[in-house]
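Converting from the sequence shown to the working numbering requires adding 113 to each position, the first position being numbered 1.
All C-beta atoms in this analysis are idealised placements derived from N, C-alpha and C, irrespective of residue type, glycine included.
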Amino acid sequence: MKPLKDLLENIRDIDGFPVASDEEIIRLSDAPFYTACPNPYLKDLFEVSLDEIDETYNKLPFVSDVEEGKNGPIYNAHSYHTKVPYKAIVKFINHYTKEGDVVFDGFCGSGMTGVAAKMCNRNAILNDISPSATLIAYNYCNSQKYQEFNNKIIEILKEVEKECGWMYKTQHNKIGIDGKLIIGFIDNTIWSDVFYCPECSNELIFWDIAVDVRNKKIKKNYQCNNCETDVKKKDLKKKFERIFDDSLNCEVEILKQVPVLINYTVGKKRFVKTPDENDLTILKEISTNNIPYWYPSNEFPIGYNTKQPKKSHNITHVHQIYSKRNLWILSSLFEKLIRQPNKNHLYFLFTSIIQRASLLNRFRFHGTGGLSGTLYIPSLRFERNPILLSKTKLRQIISNYKNQIKNESKLVITTQSTTNLKNIPSNSIDYIFVDPPFGQNLMYSELNFLWESWLKVFTNNISEAIINKVHKKDLIIYKDLMFKSFKEMYKILKSNRWITIEFHNSEASVWNAIQESISRAGFVIAQVTTLDKKQGSFKQVTSIGAVKMDLIINAYKPKKDFSDRFLKNAGHNMELDFIKEHIRHIPVLPNTERTENMLYSKMLAFYVEKGYKIKYNAKNFFQLLSENFIEIDGYWFLDDEVKKYNEWKSRLNLEQIKTILDGQQIIFINDEKSALNWLNNFIYTPREYSKIYTAFNQAVTKMTDNIPELRVLLDRNFILEKEKYRRPRGIQEIQNIKQNREKILLKTFDEILRSAREDKGKISIIRKEALIYGFTQRYQIGQFQDILSIASKLDKNLIESNTAIRDFIDVAKIKTEGISK
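Below is the structure:
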């Protein structure tokens, strides 16, 4: 294989190529298995038979119980902003793959998918756009020669302690038997912000007014210790002090902080003291000396998280986010690490401590650590001794390596954007597990800036899939980046294989963006479940406001022979084949994917996305189902599935069946389609209006659709009988409801079309079901200009928020351009 430096020009155009010099990229890499840039060795490392198709492969979505295990030596070895515990991923990998298969994770973070793959003796390709993430992931999974690593770190820490240990020494309050002062070693020091009282301008040490040491709690209400005025924190005036910054070669003004409590050790005993004159003298000596080693002094970039230190403490550069002594010790440690020939493992230890050794570390009576997902500097901080911290992390890292299974599985890591995976062969991956970024949950490139400033290799965040106003990335841009990512993952996944996506965001708009991106890329969603963290079990979605849920989306890439036939015939007379193909991928259980509405939506989206002719409306689609499938409990089954479903029901009592059927709920209600699906599931047994009303209003989220009132929805889509609403039964009832609904939708669409032709203003809210129904009808009869007439008046956000509407418009443009030519 050629050296990495000779291959960089061939991969420099791949999205997400990091911001760094070639020298720094090469220094951080451990080619060919880890590169801090797009990995050019992937095709050489994995021999792929592209023509080989496993006809025997037949898997349904994974729905069994799983132990998540957010603890243990492996999980705790290195922190990251978000992690899916490897024990959870192991269950998926074992279900979907066999030994020797290749697993891919396009947003690998700290590399838990890689750890899980190794545990299962599967090969893995991990990718992330962040160089710090891929470095952590590589070292998390690379347990070779860990004893050599351990010995080298111990040796280096001895050097650092010999040189810098004096900075963390303190005088004990007792004299030794030899008459000399006993010297202790500081474990940590608690520091406090300093403010002014808004009433009397007295200087207030926040610790003195906010902390109840006796009861071990932080007070909610404060009182000035001079004028005794009750004060709120937001009213306190910040006390700034001017200090000379060696790196910037100028004076800077930073919020004043003072040490208030020292925790130290003498022998094996721990003690607590307030800082004395000797402690303050040591701090003064440190502050007046120059640090003799390199350390990062990058200015924080403009961003959402990166503005937090400046806003609270006027901290503008990376080096300012450390105390002077911690910065000194870290830079000494780093200088000794980078001198080593095999330094990749050594970086792993360093990156594991630099967050906890910073000003981000909060003081709390019950545990410490930074506020997750932020660069927030607290008013009460916990200054950890980096030497002791390193020793603790070393033990955890070694324990991680000892607990990993040793086998011949191959793990390769690449650093790039998932929007461009051209260095991975098409149809080469057996299974994909991803935990992608979700909207504005976490700003990874900003949060990783501390790590990457030390490593000198930075995330190229142009194609980072987030919502961030400062970076000028809105929901539309986020959705486009996610679509491109899923499209690339679709390309590299083998046909008839699965992708699992973990989702955790409470915004319906982000949920819709993810679902639409998955479907537009070509995947077909077969199952959505929730991960119950407390009970460690997967179950069908049972509630709407999924704020605290982790949702698991299981989707598949259709079989190659089906895709080839579908393409060859342009979908003609293949509606039945599509439904059969999809149903075979759904568990033989109560499942919303088996309902008529969901099956019709899947088929409609699949055809429109490809621009193929649609010959079925909701009415004759029901006839297609009735003639070819069997309906039980509102779900549609193949003939050979009925026995299995009935056997499943026979093993449960009525209460268990009721609980499961109760659980088949739509995750977000934010438009008419999701409202009708929710109602159809909720009314599996007849319900009174009052009960429906209460449950519906508890479930509904922010509505983005102009839909009829609940009573109207019920009257037009269900049967009122004995003061209870029930599902329609029998062909006649169902056909009558469908016929009346289509009549009303068409009338509403005609009004929308007339308004679009006559009115000048933009349309920002509309009854989407009427619009989609009308678009479908016009699409079927070839009146594409009517679609475009309405499209010209629709608000951009309305179009982008709904894939079906956008797809109809896109296809109409293509069709009219073709006709005009």
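Residue i, buried or exposed, once every other Cβ within 10 Å from all chains shown has been counted against 16
i	result
Ser803	exposed
Ser541	buried
Leu473	buried
Glu709	buried
Pro972	Shown here, the chain extends from 114 to 934; a query on residue 972 therefore has no answer.
Asp164	Reliability of the predicted coordinates at Asp164 is poor, the pLDDT of 47 falling under 50, and the value obtained from them is presented with this limitation in mind. Exposed is the call here.
Phe413	buried
His698	buried
Glu930	exposed
Gln648	Residue confidence is low: Gln648 scores 40 on pLDDT, short of 50, so the model does not pin down where it sits. Its coordinate-derived value is still stated next. It counts as exposed.
His426	buried
Leu479	The residue asked about is misnamed: residue 479 is His in this sequence, not Leu. Looking at its Cβ environment, which holds fewer than 16 other Cβ atoms inside 10 Å, His479 is exposed.
Lys592	buried
Ala683	exposed
Gln845	exposed
Asn240	buried
Leu248	buried
Asn905	At residue 905 the sequence reads Ser, which differs from the Asn that was named. Answer is exposed; the Cβ neighbour count stays below 16.
Alpha-carbon spacing of residue i relative to residue j, whole angstroms
i	j	result
Asn439	Lys519	37 Å
Thr916	Ser576	21 Å
Ser763	Leu173	21 Å
Leu120	Ile303	49 Å
Thr505	Cys363	37 Å
Gly185	Leu501	21 Å
Asp300	Asn123	49 Å
Gly724	Glu836	45 Å
Asn338	Arg327	18 Å
His430	Phe146	34 Å
Leu833	Asn554	43 Å
Leu396	Asn189	32 Å
Asp947	Phe476	Because the chain spans 114 through 934 in this model, residue 947 falls outside it and cannot be assessed.
Lys346	Asn783	39 Å
Leu859	Arg707	27 Å
Gln997	Thr527	Nothing about residue 997 can be reported from this structure: the residues present for the chain run from 114 to 934 only.
Arg800	Ala808	11 Å
Trp279	Ile627	54 Å
Ile510	Phe463	11 Å
Gln421	Ile876	39 Å
Delimiting residues of the beta strand (DSSP E) encompassing residue i
i	result
Gln370	370-379
Lys287	282-288
Ile296	294-309
Asp135	Segment 135-141 is the alpha helix (DSSP H) holding Asp135; no beta strand (DSSP E) there.
Lys449	That residue, Lys449, is in no beta strand (DSSP E); its alpha helix (DSSP H) goes 437-451.
Trp749	748-750
Thr98	Here the chain has residues from 114 to 934 only, and residue 98 is not among them.
Ala237	236-241
Tyr838	837-839
Nonlocal neighbours in the same chain, by C-beta distance under 8 Å from residue i, ignoring five residues either side
i	result
Tyr892	Val721, Ile727, Ile900, Phe921, Val924, Ala925
Phe130	Ile124, Cys150, Pro151, Gln529, Asn573
Spatial neighbours of residue i in its chain, beta-carbon cut-off 6 Å, leaving aside the 5 residues before and after
i	result
Gly658	The predicted position of Gly658 is uncertain, since its pLDDT is 36 and thus under 50; no value can be drawn from it.
Ile404	Trp441, Ser444
Ser436	Glu496
Ser656	The predicted position of Ser656 is uncertain, since its pLDDT is 33 and thus under 50; a value taken from the coordinates is nonetheless stated next. Contacts found: none.
Asn513	Pro186, Ile187, Ala190
Lys287	Ile295
Limits of the alpha helix (DSSP H) - the one that residue i falls within
i	result
Phe735	731-741
Ser259	The amino acid occupying residue 259 in the given sequence is Tyr; Ser does not appear at that position. Segment 259-277, the alpha helix (DSSP H) holding Tyr259.
Ile847	843-871
Asn252	244-254
Ser676	673-681
Residues near residue i by beta carbon distance below 7 Å, same chain, minus five either side
i	result
Leu606	Ile542, Ile545, Ile612, Lys670
Lys350	Phe308, Tyr309, Pro311
Arg919	Ile912, Glu913
Lys786	Glu882
Leu588	Ile580, Ser622, Ala626
Chain C contact for residue i (CB, 9 Å cutoff)
i	result
Glu398	Reference to chain C is not applicable here, since this structure consists of a single protein chain.
Next on the checklist: If contact is defined by three or more beta carbon pairs under 8 Å, each pair taking one atom from either stretch, is the segment 811-826 in contact with the segment 728-742?
Outcome noted: no
Next on the checklist: For the segment 529-536 against the segment 253-261, do three or more pairs of beta-carbon atoms, one drawn from each stretch, fall closer than 8 Å, so that the two count as touching?
Outcome noted: no
Checklist entry - Counting Cβ pairs, one atom from each stretch, are 3 or more of them under 8 Å apart for the segment 269-277 and the segment 449-457? => result yes
Checklist entry - How about the segment 453-469 and the segment 375-393: do they share at least three Cβ pairs that are nearer than 8 Å? => result no
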